[in-house]
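What follows is a set of notes on a single structure, which appears directly below.
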Ligand SMILES: [Zn+2]
């Protein structure tokens, strides 16, 4: 791991001894199959705001909810068989009266651990005398069914491999050609700046200015991996959980082979 920014809920790491297929599997598992909680059903008691019920329901669905992934089950895996119970659902209620903005923080959750990640998310602005009253149900789901359940973004790039030959005739030009400052000038020679090396996005400017002395390749065994969370889970949890899901899929596969 070369970066773990808790403040931005982001991690990055180098994936080694892997293949493009494995890196892409991990990316897809993180974004599509790591479950989170999101509001799925909304029952309106009163809505005299300027927005239709459907628009408010859609907005509620997209509010990221802090997800305690160990305490909840996917409806299809729950003992209630998808009927809805306290193990697979969280209920919310909201009562607001205008004038004023209704924020996500006004959703009252039955489970104090499951609350909106960003309390200042606006839902609707109510005019004088306007009322909004509703009950909502959040369930665990996967990003492959609706992006509201996706825990965040995962992406990667092939790790750059830079080779510098000795005696580059135009070192200054090579250093200046790089938009992400991968090179430093040391004793009038080009040197790789180790702090910035991974920022290389293989644009090839350096090769264009010194084609006989700079070689730029991408590794198909090493990947620079980035994971960013929308807030429901930590970026670390997203990676850990995706690996568990992967392992379970492989176990299931083996079981079927042996059957
Ligand atoms: Zn259930």
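In our numbering, the protein residues as written are 458 to 716.
Quick reminder that beta carbons are idealized off the backbone N, C-alpha and C, glycines included.
Throw me the rounded Cβ distance for the residue 627 and residue 639 pair, which I believe falls under 8 Å. Here residue 627 corresponds to residue number 170 of the chain shown, with the count starting at 1. Here residue 639 corresponds to residue number 182 of the chain shown, with the count starting at 1. With 8 Å as the limit, residue 627 and residue 639 do not qualify as a contact, their Cβ atoms being about 16 Å apart.
On the DSSP letters alone, give me the boundaries of the alpha helix (DSSP H) that residue 478 sits inside. Looking up residue 478 in the chain shown gives position 21. 477-485 is the span of the alpha helix (DSSP H), which, as asked, contains residue 478.
On the three-state DSSP scale, how would you describe residue 609? Counting from 1 along the chain shown, the entry for residue 609 is found at position 152. In the structure shown, residue 609 sits in a strand (DSSP, three-state: E or B).
For the stretch 490-503 and the stretch 465-479, state whether three or more C-beta atom pairs, one from each stretch, are separated by less than 8 Å. no
If you measure from the CB of residue 541, is any heavy atom of ligand 1 nearer than 7 Å? For this step, residue 541 is matched to residue 84 along the chain shown. Result yes, Cβ under 7 Å from ligand 1.
Is the Cβ-Cβ distance between residue 571 and residue 547 less than 8 Å? The residue given as residue 571 occupies position 114 in the chain shown. The residue given as residue 547 occupies position 90 in the chain shown. For residue 571 and residue 547, yes; Cβs fall inside 8 Å.
Extent of the continuous alpha helix (DSSP H) to which residue 700 belongs: By 1-based counting over the chain shown, the position of residue 700 is 243. That run of the alpha helix (DSSP H) goes 692-715.
Cα separation between residue 524 and residue 690? Sequence index remark: in the chain shown, residue 524 carries index 67 (1-based). Sequence index remark: in the chain shown, residue 690 carries index 233 (1-based). Taking the straight line joining both Cα atoms gives about 6 Å.
From residue 643 to residue 674, what distance separates their C-alpha atoms? Sequence index remark: in the chain shown, residue 643 carries index 186 (1-based). Sequence index remark: in the chain shown, residue 674 carries index 217 (1-based). Between residue 643 and residue 674, the C-alpha separation is close to 23 Å.
Residue 663, buried or exposed, once every other Cβ within 10 Å from all chains shown has been counted against 16: The sequence position of residue 663 within the chain shown is 206, counting from 1. Result: buried.
Quick one: does the C-beta of residue 524 sit closer than 7 Å to a heavy atom of ligand 1? Walking along the chain shown from the start, residue 524 turns up at place 67. No.
Specify the secondary structure class of residue 586 as computed by DSSP and reduced to three states. Locating residue 586 in the chain shown gives position 129, counting from the first residue. It is coil, neither helix nor strand.
Let's test the definition: count the other Cβ atoms within 10 Å of the Cβ of residue 605 and tell me whether it reaches 16, buried, or not, exposed. For the purposes of this step, residue 605 is taken as residue 148 along the chain shown, with counting starting at 1. Residue 605 is buried by the Cβ-count criterion.
May I ask which residues mark the beginning and end of the beta strand (DSSP E) holding residue 557? For the purposes of this step, residue 557 is taken as residue 100 along the chain shown, with counting starting at 1. That run of the beta strand (DSSP E) goes 557-560.
Straight-line Cα distance separating residue 562 from residue 504: Indexing the chain shown from 1 puts residue 504 at position 47. Indexing the chain shown from 1 puts residue 562 at position 105. About 18 Å.
Over what stretch of residues does the beta strand (DSSP E) that includes residue 648 continue unbroken? As a position in the chain shown, residue 648 is number 191, starting the count at 1. Here the beta strand (DSSP E) through residue 648 covers 646-649.
Same chain only: Cβ atoms within 7 Å of residue 584, ignoring 5 sequence neighbours per side: The sequence position of residue 584 within the chain shown is 127, counting from 1. Excluding sequence neighbours, residue 584 sits near 555 and 556.
If you draw a straight line from the C-alpha of residue 703 to the C-alpha of residue 486, how long is it? Within the chain shown, residue 703 is the residue found at index 246, counting from 1. Within the chain shown, residue 486 is the residue found at index 29, counting from 1. For residue 703 and residue 486, the distance between alpha carbons rounds to 8 Å.
Inside the stretch 490-538 only - alpha helix (DSSP H) runs reaching at least 4 residues: With a minimum length of 4 residues, the unbroken runs of alpha helix (DSSP H) contained wholly in the stretch 490-538 fall at 510-518.
For residue 551 and residue 574, which I take to be in contact (beta-carbon distance under 8 Å), what is that distance rounded to the nearest angstrom? Translated into positions along the chain shown, residue 551 becomes position 94. Translated into positions along the chain shown, residue 574 becomes position 117. Rounded, the Cβ-Cβ distance is 17 Å, inconsistent with contact.
Would you say residue 532 touches ligand 1, meaning its beta carbon is less than 7 Å from a heavy atom? One-based indexing of the chain shown puts residue 532 at position 75. Residue 532 Cβ: within cutoff of ligand 1.
Below 6 Å CB to CB, which residues in the same chain sit around residue 520 once its five sequence neighbours on both sides are set aside? Stepping through the chain shown from its first residue, residue 520 is reached at position 63. Only 561, 573 and 578 meet the Cβ criterion.
CA-to-CA distance, residue 472 to residue 683, given in whole angstroms: Numbered from 1 along the chain shown, position 226 holds the residue referred to as residue 683. Numbered from 1 along the chain shown, position 15 holds the residue referred to as residue 472. Answer to the nearest angstrom: the Cα atoms are 10 Å apart.
Straight-line gap, residue 558 to residue 582 (C-alpha atoms, nearest Å): Locating residue 558 in the chain shown gives position 101, where the first residue counts as 1. Locating residue 582 in the chain shown gives position 125, where the first residue counts as 1. Taking the straight line joining both Cα atoms gives about 4 Å.
Who are the near neighbours of residue 611 in its chain, counting only those whose CB is closer than 6 Å to its CB and skipping five residues on each side? Looking up residue 611 in the chain shown gives position 154. Listed in chain order, the non-local C-beta contacts of residue 611 below 6 Å within the same chain comprise 484, 487, 488 and 684, local neighbours out to five positions each way being set aside.
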